Every structure is written in structure tokens, then in C-alpha cells.
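Notes follow the structure.
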Amino acid sequence: MRKIGIFVDIQNIYYTTKQGFNRQFDYRRFWQEISYLGDIQIANAYAIASNNDGQRKFQDALRHIGFEIKLKPFIQRSDGSAKGDWDVGITVDIMEAAEQLDHIILLSGDGDFDLLMHKIKEKYQVKTQVFGVQKLTAQSLIKSVDLFTAIEPLC
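Note that the UniProt record's numbering has the sequence shown beginning at 1, numbered continuously upward.
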């Protein structure tokens, strides 16, 4: 049975599906489809910690589906700008897991992950796949993986 790892850049998927389709991504449907491909060994969803009830309910729903939620604090800088991305954390987790997996699935359209996906495919001969909104996913990321799956308006 194929060993699958799922890594979700929640912020990226939220904003790209909202911008692209004005709706949220259906994580339950996604999980059901992926579970037919093999055994989901790792399913990490990366988010920014929030006191917002809606966010906590959403994170609880993801936990109920089977995701482990990894939270990072939202950093408000003194100049008014904000920081809160998980690129390095996602990269480290994928690099650490790649050797034990057969198939790595990244949900993100962020081109910063292109080198990572190319590297793990080359080094570990793992199947790489990205799910992203077609028009909002970096071409370099699409080209770096074995399979790109476009998130459709009904997903």
C-alpha cells in the first residue's frame, strides 16, 4: 500500500480558492479522494494561531477529518506590518518525512516550494503532487512535480 504524506499551506489554499472561486476548499472531499490512493501516514495542516471562533472551529473540523494542525503565532511588527507564514516549517517537515513516504502531496500554489519538490523527487524517488488553483499557482511549482492537480470551482 502506497504511503502518503499530505502537507497543507492553509493560508495559501484559503486565499487562492477565495480569490479564484469565492468559496472554501472542501477538505473532507479531498481526504476521501486521497484515501483511495493509499495509506495516509502524515497529514499536516499549517495555520496561524487565532482567537477567532470561526478559525478554531475550522481547525477542529480539520482535526476531525484526520489532519494534525500545526500553529504558528501571528506576528505583528511595530511598523504595522505582519508576518505569519509556514514555508520553512513545511519544508522541514517534508524533508524529514520524504524518506519514509512513497507519495507527497502539497496543497499550495506558492512557487517558493518548487526547489523543495524537485529536490525530494530527485533524492528520494518519491512521487510528488501539488494541488492548487490553476491560475494562482506558480508555473515553477507546477513544473517541479510529477503531477499537478488543479483545484476546481466545486472543490
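Glycine included, C-beta positions come from ideal geometry on N, C-alpha and C.
Please read these numbers as outputs of a predicted model, since none were measured by experiment.
Going by the DSSP bridge assignment, what does residue i pair with across the sheet?
i, result
"Gly-5", "Ile-42 and Ile-104"
"Lys-127", "His-103"
"Phe-148", "Val-130"
"Ile-69", "Ala-45"
"Ile-13", "Its beta-bridge partners do not exist; DSSP assigns none."
"Ile-120", "Partner(s): none; Ile-120 has no beta bridge."
Compare the C-alpha of residue i against each of the options and name the closest.
i, options, result
"Asp-112", "Ile-90, Gln-19, Leu-101 and Tyr-124", "Ile-90"
"Gly-132", "Lys-143, Ile-94 and Gln-125", "Lys-143"
"Trp-86", "Asp-102, Leu-107 and Leu-101", "Leu-107"
"Gln-139", "Val-126, Leu-115 and Gln-32", "Leu-115"
"Asn-44", "Gly-5, Asp-53, His-103 and Leu-136", "Gly-5"
For residue i and residue j, what's the separation of their Cα atoms in angstroms?
i, j, result
"Pro-73", "Ala-49", "5 Å"
"Cys-155", "Ile-75", "At Cys-155, the pLDDT of 48 sits below 50, so the modelled position is not reliable; the number obtained from the coordinates is stated separately. Between Cys-155 and Ile-75, the C-alpha separation is close to 31 Å."
"Gln-41", "Lys-3", "6 Å"
"Asp-146", "Ser-78", "42 Å"
"Asp-9", "Ile-104", "14 Å"
"Asn-28", "Ser-35", "With the sequence shown as reference, residue 28 is identified as Arg, and Asn is not the correct amino acid for it. So the alpha carbons of these two residues sit roughly 11 Å apart."
Could you give the C-beta distance for residue i and residue j, rounded to a whole number, given that I count them as a contact under 8 Å?
i, j, result
"Gly-109", "Asn-12", "6 Å"
Flag this pair as touching only if the stretch 117 to 125 and the stretch 49 to 63 have three or more C-beta atom pairs under 8 Å; answer yes or no.
-> No: the two stretches stay apart, fewer than three of their Cβ pairs being nearer than 8 Å.
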